[in-house]
Amino acid sequence: MKINSIFSNFTPKDTKFIPLLKETASILVEASILLEMLYTSGKRHKELCQQIKAEEIKGDKVTGRISKALNETFITPFDREDIHALADEMDNAIDCINRSAQKVLLYSPENIPKSTVKLAGIIRKAAECLQDAVNELPKLKKNDQQIRKCCKEIKKLEEAADDVYEDGIMILFKEEKSIIEVIKLKEMIQELEMSVNKINSIGKLLKTIIVKYA
Amino acid sequence: MKINSIFSNFTPKDTKFIPLLKETASILVEASILLEMLYTSGKRHKELCQQIKAEEIKGDKVTGRISKALNETFITPFDREDIHALADEMDNAIDCINRSAQKVLLYSPENIPKSTVKLAGIIRKAAECLQDAVNELPKLKKNDQQIRKCCKEIKKLEEAADDVYEDGIMILFKEEKSIIEVIKLKEMIQELEMSVNKINSIGKLLKTIIVKYA
Amino acid sequence: MKINSIFSNFTPKDTKFIPLLKETASILVEASILLEMLYTSGKRHKELCQQIKAEEIKGDKVTGRISKALNETFITPFDREDIHALADEMDNAIDCINRSAQKVLLYSPENIPKSTVKLAGIIRKAAECLQDAVNELPKLKKNDQQIRKCCKEIKKLEEAADDVYEDGIMILFKEEKSIIEVIKLKEMIQELEMSVNKINSIGKLLKTIIVKYA
Chain A
-13 MKINSIFSNF
-3 TPKDTKFIPL
7 LKETASILVE
17 ASILLEMLYT
27 SGKRHKELCQ
37 QIKAEEIKGD
47 KVTGRISKAL
57 NETFITPFDR
67 EDIHALADEM
77 DNAIDCINRS
87 AQKVLLYSPE
97 NIPKSTVKLA
107 GIIRKAAECL
117 QDAVNELPKL
127 KKNDQQIRKC
137 CKEIKKLEEA
147 ADDVYEDGIM
157 ILFKEEKSII
167 EVIKLKEMIQ
177 ELEMSVNKIN
187 SIGKLLKTII
197 VKYA
Chain B
-13 MKINSIFSNF
-3 TPKDTKFIPL
7 LKETASILVE
17 ASILLEMLYT
27 SGKRHKELCQ
37 QIKAEEIKGD
47 KVTGRISKAL
57 NETFITPFDR
67 EDIHALADEM
77 DNAIDCINRS
87 AQKVLLYSPE
97 NIPKSTVKLA
107 GIIRKAAECL
117 QDAVNELPKL
127 KKNDQQIRKC
137 CKEIKKLEEA
147 ADDVYEDGIM
157 ILFKEEKSII
167 EVIKLKEMIQ
177 ELEMSVNKIN
187 SIGKLLKTII
197 VKYA
Chain C
-13 MKINSIFSNF
-3 TPKDTKFIPL
7 LKETASILVE
17 ASILLEMLYT
27 SGKRHKELCQ
37 QIKAEEIKGD
47 KVTGRISKAL
57 NETFITPFDR
67 EDIHALADEM
77 DNAIDCINRS
87 AQKVLLYSPE
97 NIPKSTVKLA
107 GIIRKAAECL
117 QDAVNELPKL
127 KKNDQQIRKC
137 CKEIKKLEEA
147 ADDVYEDGIM
157 ILFKEEKSII
167 EVIKLKEMIQ
177 ELEMSVNKIN
187 SIGKLLKTII
197 VKYA
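Residue numbers (my numbering), protein chains in the order written: chain A, -13 to 200; chain B, -13 to 200; chain C, -13 to 200.
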């Protein structure tokens, strides 16, 4: 375990993975900032959705570069898998944020409920926490407390999102008169909540990685 | 494979994981019993939902203790992962049961269709089968037949749930006059069916673990 | 990594896994051909759904045989897992195709929108690409370019499916007058799109396997 640790791959000889994982995390943050703008601004929807889609494509490309780099670098299979899984799950979260965004364009709901704005804010905060955790990866062996703290914070945000989700759905069924709007907004609220869950899944994955390498 | 088996971690020196996995399985069973009561009783909804939520929180805590224990125990990375995955998937099933329960409160449907009652019963039975399988884990190397039998039974229950789900949805679209009720009940039936699927996923995972260690 | 490669398990001594994986891939293709017929023909719905269900059961059985064979063959745990994961994800895709089919019977929508027909066609093409990739597995070590090419093609098909999905949903909300039809067709379009995603997930898994063994 000492020889074959994720840390040893991040020593001078193999410094390329940390920057690539950091790049993916920063795309996730960027997409989440744009998503929050989309849900708060009430305008420039098309432009913001295009920018989020552009981030999603960037995310795909970085994930591709990570795969390629893993393929060309001699490291043991085990670590490859963890880097791959981490890149993959960040990519999934970016995809989910993209879907949450595209639904605004796709469904053009008549109004944007408060719950969706709150959820978009939670997603942005969770993405930033996750970025903090990814930035701590090189120090994993010396100190895993910081990463644990970030994962805990993400878990708290996910719980807060649960409450916002519940309130949002309950208000929707009580107050929305148009059934078509109920259908559209219910799915948007659910997709946003799912985005928080996806970021929390990355947090869980980080905790599993810590279990193995710290 | 002999040296590095899950069984060796369950010998006197590392006896803590089996009790923790058993505890998670019993939380799953407890949550499923409460869920069945929720769908059959027609009253005390709030109280039952709170009790299920309490089980879900207990589940989170035990999973946390498993992570912590894995972190403090010297065992090989491979086995850690299996224990982690097992705890994680049981936690997912508990979460899904909790969501199935909370939807009763969240949506307050006008009536509880028979299909949901049947599905809740199947979930409870599947959870009990799974508990039986988890209780057999210490004997894995001597005899994996019992675990295989439990997994098979869970698979059968999942197939039965499929039929109940189909009938439930078909009846819903044919007989329910209120579209809002269709929306609510369709999602409740789907979430219940998903809970059965999640328990079946744990069964599949157990079979993968058997493949490696038996 | 040389000793413990997936390739070494496919040498004369352990030739059983490749045929079983190929069999699973051909069931996936068969199910997707029937699905396309179901969405294009407009008749024989019940018969086609039964045939697809029969493929799904066949898929379950082959996956079971793969598990059993893995259990009886001495190969290292690592490779077992990859074969297991590959079989499992193909099984998931077949399940999803089956669900996409059964919804035609279950929901009996008044009409079959063009988007669903297009999606069924994309699923069939993606399944065929995947089969091509699986057929290339024995040559993995000599040449992984062909598998990479298939995975890339599947990714493209998944992107095309995204566009069809978006158009389909948008048209549905704009033009469909019956809300019940909106509910039914939205879910059918989403399930079809999910089937493409599941096939793309197998493509992603293949790329991860390539990363390890090529």
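We treat Cβ as the ideally placed atom computed from N, Cα and C, and that holds for glycine.
- Task: Return the residues of the stretch 44 to 58 of chain B that lie within a Cβ-Cβ distance of less than 8 Å from chain A, sorted by chain order.
- Result: S53, L56, N57
- Task: Compile a chain-ordered list of the residues in the stretch 72 to 104 of chain C whose CB is closer than 8 Å to at least one CB of chain B.
- Result: D74, Q88, L92, Y93
- Query: Since L14 (chain A) contacts A87 (chain A) with CB under 8 Å, what's their CB separation in whole angstroms?
  - Reply: The residue you call residue 14 (chain A) lines up with position 28 of the first sequence. The residue you call residue 87 (chain A) lines up with position 101 of the first sequence. Contact flag wrong, Cβ pair sits at about 13 Å.
- Members of the stretch 16 to 36 of chain C that neighbour chain B once the beta carbon cut-off is set at 8 Å: Listed by position, the residues of the stretch 16 to 36 of chain C near chain B (Cβ gap below 8 Å) amount to none.
- Item | Contacts of I165 (chain A) in chain C (Cβ-Cβ under 8 Å) | In the first sequence, the residue the question calls residue 165 (chain A) occupies position 179. Those within 8 Å of I165 (chain A) in chain C are I165.
- Any idea if R30 (chain C) is buried or exposed, counting beta-carbon neighbours within 10 angstroms, 16 or more meaning buried? For the purposes of this step, residue 30 (chain C) is identified with residue 44 of the third sequence, where counting begins at 1. Looking at its Cβ environment, which holds fewer than 16 other Cβ atoms inside 10 Å, R30 (chain C) is exposed.
- Message: Tell me which residues share the same chain as Q132 (chain B) and place their Cβ nearer than 8 Å to its Cβ, disregarding the 5 neighbours each side in the sequence.
- Response: Position 146 of the second sequence, counting from 1, holds the residue named residue 132 (chain B). D118, A119, E122, K125, listed in sequence order.
- Item | Interface flag, M180 (chain C) vs chain A, CB-CB below 7 Å | Start at 1 with the first residue of the third sequence, and residue 180 (chain C) comes out as number 194. Not one chain A Cβ lies under 7 Å of M180 (chain C).
- Message: Three Cβ pairs or more, each shorter than 8 Å: is that satisfied between the stretch 97 to 106 of chain C and the stretch 35 to 42 of chain C?
- Response: no
- Query: Does DSSP put L126 (chain C) in a helix, a strand or coil?
  - Reply: Here the question's residue 126 (chain C) lines up with position 140 in the third sequence. It is coil, neither helix nor strand.
- Message: Between A:E179, A:E177, A:I195, which has its C-alpha nearest K127 (chain A)'s C-alpha?
- Response: Counting from 1 along the first sequence, the entry for residue 127 (chain A) is found at position 141. Residue A:I195 is the option with its Cα nearest to K127 (chain A).
- Query: Just the Cα atoms here: how many angstroms apart are K2 (chain A) and E41 (chain A)?
  - Reply: For the purposes of this step, residue 2 (chain A) is taken as the residue at position 16 of the first sequence. For the purposes of this step, residue 41 (chain A) is taken as the residue at position 55 of the first sequence. Rounded to whole angstroms, K2 (chain A) to E41 (chain A) spans 21 Å at the Cα level.
- Would you report the Cα separation of A55 (chain B) and V48 (chain B), rounded to the nearest angstrom? If you number the second sequence from 1, residue 55 (chain B) lands on position 69. If you number the second sequence from 1, residue 48 (chain B) lands on position 62. Their backbone Cα atoms lie some 10 Å apart in a straight line.
- Query: Do L24 (chain C) and V90 (chain C) have their C-beta atoms within less than 7 Å of each other?
  - Reply: Along the third sequence, read from residue 1 onward, the residue named residue 24 (chain C) stands at position 38. Along the third sequence, read from residue 1 onward, the residue named residue 90 (chain C) stands at position 104. Yes, these two residues count as a Cβ contact at 7 Å.
- Rounded straight-line distance, which links the Cα of I155 (chain C) to that of K172 (chain C): Numbered from its first residue, the third sequence carries residue 172 (chain C) at position 186. Numbered from its first residue, the third sequence carries residue 155 (chain C) at position 169. Near 6 Å, if we compare the C-alpha coordinates of I155 (chain C) and K172 (chain C).
- Query: Is it a yes or a no for the stretch 147 to 154 of chain A touching the stretch 72 to 86 of chain A, going by three-plus beta-carbon pairs under 8 Å?
  - Reply: Between the stretch 147 to 154 of chain A and the stretch 72 to 86 of chain A there are fewer than three C-beta pairs closer than 8 Å, too few to call the two in contact.
- Backbone CA spacing between C136 (chain B) and R66 (chain C) [nearest angstrom]: Reading the second sequence from its first residue, position 150 is the one you call residue 136 (chain B). Reading the third sequence from its first residue, position 80 is the one you call residue 66 (chain C). Cα-Cα distance, rounded: 22 Å.
- Item | Exposure label - I(-8) (chain C); buried when at least 16 CB within 10 Å | Here the question's residue -8 (chain C) lines up with position 6 in the third sequence. Confidence at I(-8) (chain C) is low in this model, with a pLDDT of 49, below 50, so the placement of that residue is unreliable and no value is reported for it.
- Message: If we define contact as Cβ-Cβ less than 7 Å, is I188 (chain A) a contact residue for chain B?
- Response: Counting from one through the first sequence, the residue named residue 188 (chain A) turns up at place 202. No, because no Cβ of chain B sits closer than 7 Å to the Cβ of I188 (chain A).
- Is it true that the CB of I83 (chain B) sits closer than 7 Å to the CB of S27 (chain B)? Sequence index remark: in the second sequence, residue 27 (chain B) carries index 41 (1-based). Sequence index remark: in the second sequence, residue 83 (chain B) carries index 97 (1-based). Taking 7 Å as the Cβ cut-off, S27 (chain B) and I83 (chain B) do not qualify as a contacting pair.
- The alpha helix (DSSP H) enclosing R30 (chain C), as first and last residue numbers: Locating residue 30 (chain C) in the third sequence gives position 44, where the first residue counts as 1. Per DSSP, R30 (chain C) belongs to no alpha helix (DSSP H) and is neither H nor E.
- Item | Contact with chain B by M174 (chain A), beta-carbon distance below 7 Å | Taking the first sequence and counting its residues from 1, the one referred to as residue 174 (chain A) is at position 188. So, not an interface residue.
- With a Cβ-Cβ cutoff of 7 Å, do T10 (chain C) and A73 (chain C) count as a contact? In the third sequence, the residue the question calls residue 10 (chain C) occupies position 24. In the third sequence, the residue the question calls residue 73 (chain C) occupies position 87. Yes, Cβ-Cβ distance for T10 (chain C) and A73 (chain C) is below 7 Å.
- Entirely within the stretch 41 to 83 of chain A and at least 4 residues each: give me those alpha helix (DSSP H) ranges in chain order. none
- Scan the stretch 138 to 170 of chain B for residues whose Cβ lies nearer than 8 Å to a Cβ of chain A and list them as they occur along the chain. I165, I166, I169, K170
- Message: Which same chain residues end up closer than 8 Å to R110 (chain C) when comparing Cβ atoms and leaving out the 5 residues on each side of it in sequence?
- Response: In the third sequence, the residue the question calls residue 110 (chain C) occupies position 124. For R110 (chain C), where only same-chain residues beyond five positions count, the Cβ hits under 8 Å are V15, S18, I19, L21, E22.
- Extent of the continuous alpha helix (DSSP H) to which K138 (chain A) belongs: To locate residue 138 (chain A), count along the first sequence from 1; it is residue 152. Residues 131 to 161.
- Item | Within chain B, partners of K184 (chain A) - CB distance below 8 Å | If you number the first sequence from 1, residue 184 (chain A) lands on position 198. Chain B residues near K184 (chain A): none, gap ~14 Å exceeds 8 Å.
- Item | is_contact[T10 (chain A), chain B] using C-beta, thresh 7 Å | Locating residue 10 (chain A) in the first sequence gives position 24, counting from the first residue. It does not: the Cβ of T10 (chain A) has no partner Cβ on chain B nearer than 7 Å.
- Taking C-alpha atoms, which residue in B:E145, B:N97, B:I108 lies nearest to V168 (chain B)? Position 182 of the second sequence, counted from the start, is the residue given in the question as residue 168 (chain B). Nearest of B:E145, B:N97, B:I108 to V168 (chain B), Cα basis: B:N97.
- So, are the CB atoms of I140 (chain B) and G189 (chain B) less than 7 Å apart? Residue 140 (chain B) sits at position 154 when you count from the first residue of the second sequence. Residue 189 (chain B) sits at position 203 when you count from the first residue of the second sequence. In this structure, G189 (chain B) lies closer than 7 Å to I140 (chain B) by Cβ.
- Query: Roughly how far, in whole angstroms, is the beta-carbon of R51 (chain A) from the beta-carbon of L6 (chain A), given that I think they are within contact range, below 8 Å?
  - Reply: Here residue 51 (chain A) refers to the residue found at position 65 of the first sequence. Here residue 6 (chain A) refers to the residue found at position 20 of the first sequence. Going by Cβ atoms, the distance from R51 (chain A) to L6 (chain A) rounds to 6 Å, so yes, they are a contact pair.
- Task: For S94 (chain C), name the three-state secondary structure that DSSP assigns.
- Result: For the purposes of this step, residue 94 (chain C) is taken as the residue at position 108 of the third sequence. Three-state result, S94 (chain C): coil.
- Query: Can A147 (chain B) and L105 (chain B) be called in contact, C-beta distance under 7 Å?
  - Reply: Within the second sequence, numbered from 1, the residue matching residue 147 (chain B) stands at position 161. Within the second sequence, numbered from 1, the residue matching residue 105 (chain B) stands at position 119. Yes.
- Task: Measure the alpha-carbon distance for K170 (chain A) versus Q176 (chain B) and round it to whole angstroms.
- Result: The residue labelled residue 170 (chain A) in the question sits at position 184 within the first sequence. The residue labelled residue 176 (chain B) in the question sits at position 190 within the second sequence. Spanning the two alpha carbons is a distance of roughly 18 Å.
- Give the straight-line distance between the Cα atoms of L192 (chain A) and K198 (chain A), rounded to the nearest whole angstrom. Along the first sequence, one-based indexing puts residue 192 (chain A) at 206. Along the first sequence, one-based indexing puts residue 198 (chain A) at 212. Straight-line Cα distance between these residues: approximately 10 Å.
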